[in-house]
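In what follows, a single structure is set out as structure tokens and then discussed.
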Amino acid sequence: MLQDGCKENQSVLKRYFGAELDITIFYFIITLTVPFVVLGAGWPDLLSKVCGTAVGYVFKVFQSTYLLGVTGILVFCLALAFSPYGKVRLGKDDEKPEFSTFSWFSMLFSAGMGIGLIFWSVAEPLVHMAAPPTGEANTFEAARLGLELYFFHWGFHAWAVYAVVALTLAYFQFRKGEGALFSSCLIPLIGRKHANGLVGRLVDTFASWATIFGVVTGLGMGGMQMASGISSLFGIPGGPNLTTALILVVTFAYIATAVTGVAKGIKFVANLCVVFMIVLMFFFAVFGPTGYIFKTLWMGFSDYMLDLPKLSFATTLFGNDTWTRNWTVFFWAFWIAWAPFVGAFIARISKGRTIKEFILGVIILPPVFSFIFSAALGGTTMHLEFVRHLNVSDPINKDLAMALFVTLKHLPCFHFMTGLSLVLIFFFLITSCNSATYVAARFVTSGVDVSDPKANNRLTITFGLILGLLTVVFNYSGGLKGLQTATILGSVPFFIVMILGIVTLVKDLIQNERAEGEAVAAPSHSE
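The numbers in the sequence shown follow UniProt numbering, run straight up by one, and end at 527.
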């Protein structure tokens with residue numbers, strides 16, 4: 001009877017969500033996410049306590065592993081790029097890139113940074129200035145260190161995480177003809193039988209889990225920043241209630257665009273986001289302290305490059321364990337949690353490129369743009385604080401989401417630029433949620449698009465609601481700290497998948513080299 005009931009439930013789910021639905025992965029994801037929604041809705045304090053305990057354990061066990069592991073990923077990527085395997089093409093030997101270098105870069109950046117860059121480019125340097133990991137607070141030296149640490153957290157390490165995930169997916173999908181799933185990438189290591197079985201389903205569940213919790217953090221930060229912008233623009237009181245209302249608006253707007261076919265224009269919206277960011281950057285450069293901005297860029301970048309080895313191989317930065325956990329470990333977890341859906345997107349647009357040009361393009365181009373963007377915004381804020389002696393640090397440290405708007409208040413066209421920034425944030429959230437939900441849906445449909453449009457819309461609505469509800473839950477159970485907790489919890493299982501993916505990639509490349517005498521495609525993998 002019980003078995004018949006389970007089969008009937010599975011049949012209902014397949015009729016509702018499409019025949020391609022993988023019941024096991026779907027059950028895994030629901031089992032992992034629904035308890036968070038229920039706990040957060042009924043007992044937010046309990047959820048905060050449970051998650052805090054779990055994160056404390058993660059910090060204790062994984063802190064050194066994360067710090068050295070992400071550095072190891074960066075070193076691996078650079079070594080692979082300049083090795084003989086760097087000539088291997090992600091596709092057939094004569095295949096050409098699908099997109100121009102400029103279009104490729106634009107899509108790279110819009111996928112990989114988005115709302116986080118808008119949120120932290122002003123806030124993070126000033127937070128470090130007020131509470132530096134070492135030295136005296138509220139000094140120019142502390143602000144200079146803060147800018148360097150911002151470059152460190154948003155620089156080459158972050159994009160190395162994206163690069164290695166995207167490279168693994170692109171290599172096995174386009175070079176080997178495997179499926180667009182993380183489980184398919186592990187076939188040379190665990191065999192096709194296990195990749196298509198329970199082990200593979202767990203791997204794809206971990207990828208979906210990381211995607212959901214990573215985007216929850218981005219959606220939450222975006223909601224908080226939009227609430228602060230609206231509060232600053234219209235004098236409406238901010239707080240969790242306004243943030244929740246905006247999160248729900250974004251959630252329903254995203255679902256509406258997805259199910260009505262407007263999502264076909266998401267690529268255009270993503271490109272528009274990059275244009276808006278460039279407009280915002282040039283606005284700061286023209287109406288802000290232009291010379292000071294260039295000085296800030298050079299100062300931050302040179303400090304970053306000089307201290308990069310020291311920062312990269314430290315397991316406790318500046319001897320400050322608490323600061324290291326709250327900042328560097330959080331950001332490494334943030335990139336890992338975003339890596340499944342960003343990596344899948346980057347892999348999709350990188351067919352036809354060699355491993356070398358892929359790695360160098362992903363690791364170098366977007367960070368350089370983010371350095372320039374942050375120097376324009378962060379440099380203007382530092383100029384207000386230290387040259388014009390305007391106290392912008394106190395209101396920013398009281399509410400990090402206000403950072404951009406506090407700075408804009410001291411520049412021309414405040415209302416127009418605040419409105420433009422709000423539109424930019426809104427569009428970034430829409431594109432991020434679309435990408436994340438699409439990838440999450442692929443994980444529960446065996447890596448293929450659902451053939452029935454109605455079933456596909458139902459999956460979209462389901463995962464869209466999961467994202468929105470989880471974001472609201474963590475917003476009420478701890479605000480920014482609660483959102484950071486979600487990221488850290490989501491990143492742990494996928495970090496293991498990443499390491500296994502690297503091992504599999506190296507194994508397959510070496511076997512091809514030995515088999516053919518050069519880096520060429522190998523025969524299909526056996527079970």
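Even for Gly, the Cβ is constructed at its ideal location relative to N, Cα and C.
None of these values were measured; they are calculated from a predicted model.
Query	Result
Check for me: the alpha helix (DSSP H) holding E124 runs from which residue to which?	115-130
Between C433 and the rest of its own chain, which residues show a CB-CB distance below 8 Å, the 5 nearest in sequence each way excluded?	V215, L219, V250, T251, Y254, G464, L467
Going straight from the alpha carbon of S374 to that of L117, what length do you get?	8 Å
According to DSSP, is I510 helix, strand or coil?	helix
So which of L189, A270, R201 has the shortest CA-CA distance to I29?	R201
For L365, tell me which candidate among T418, K176, H157 has the shortest Cα-Cα distance.	H157
Can you tell me whether N512 is buried or exposed, with buried defined as 16 or more other CB within 10 angstroms of its CB?	buried
Starting from A258, follow the alpha helix (DSSP H) in both directions and report where the run begins and ends.	240-259
Residues in the same chain with beta-carbon distance under 7 Å from T328, minus the five sequence neighbours each way, listed in chain order, please.	L67, H153, L317
Starting from V444 and walking both ways along the alpha helix (DSSP H), at which residues does that stretch end?	From DSSP, V444 is part of no alpha helix (DSSP H); its letter is neither H nor E.
Count the other CB atoms within 10 Å of the CB of V439; is the residue buried (16 or more) or exposed (fewer)?	buried
Check the C-beta distance from F287 over to L411 and give it rounded, since I have them as a contact under 8 Å.	5 Å
Which term fits K87, buried or exposed, when burial requires 16 or more other beta carbons within 10 angstroms of its beta carbon?	exposed
Quick one: grab the DSSP three-state call for T139.	coil
What do you get for L2, buried or exposed, if any count of 16 or more other CB atoms within 10 angstroms of its CB means buried?	Residue placement at L2 cannot be trusted, given a pLDDT of 45 that sits under 50; what the coordinates show is reported in the next sentence. L2 is exposed by the Cβ-count criterion.
Helix, strand or coil for R353? Go by DSSP, reduced to three states.	coil
With burial defined as no fewer than 16 other Cβ atoms inside 10 Å of the residue's Cβ, what is the status of S121: buried or exposed?	buried
Is V450 buried or exposed, if buried means 16 or more other CB atoms sit within 10 Å of its CB?	Note on V450: pLDDT 47, under 50, position unreliable in the model; no value is reported.
Check for me: the alpha helix (DSSP H) holding I236 runs from which residue to which?	Element bounds for I236: n/a, residue is neither H nor E.
Grouping DSSP H, G and I as helix and E and B as strand, with all else coil, what is V450?	Note that V450 scores 47 on pLDDT, short of 50, meaning its location in the model is unreliable; the coordinates nonetheless yield the value given after this. V450: coil per DSSP, three-state reduction.
Could you work out which residue in F416, S435, Y304, T211 is closest to L470 when comparing CA atoms only?	T211
Determine the closest residue to V259 out of M498, T460, D22, P493, with distance taken between C-alpha atoms.	T460
Using 10 angstroms around the beta-carbon of V279, count the other beta-carbons present and answer buried if the total reaches 16, otherwise exposed.	exposed
Start and end of the alpha helix (DSSP H) containing M305?	290-312
Helix, strand or coil for R89, going by three-state DSSP, please let me know.	strand
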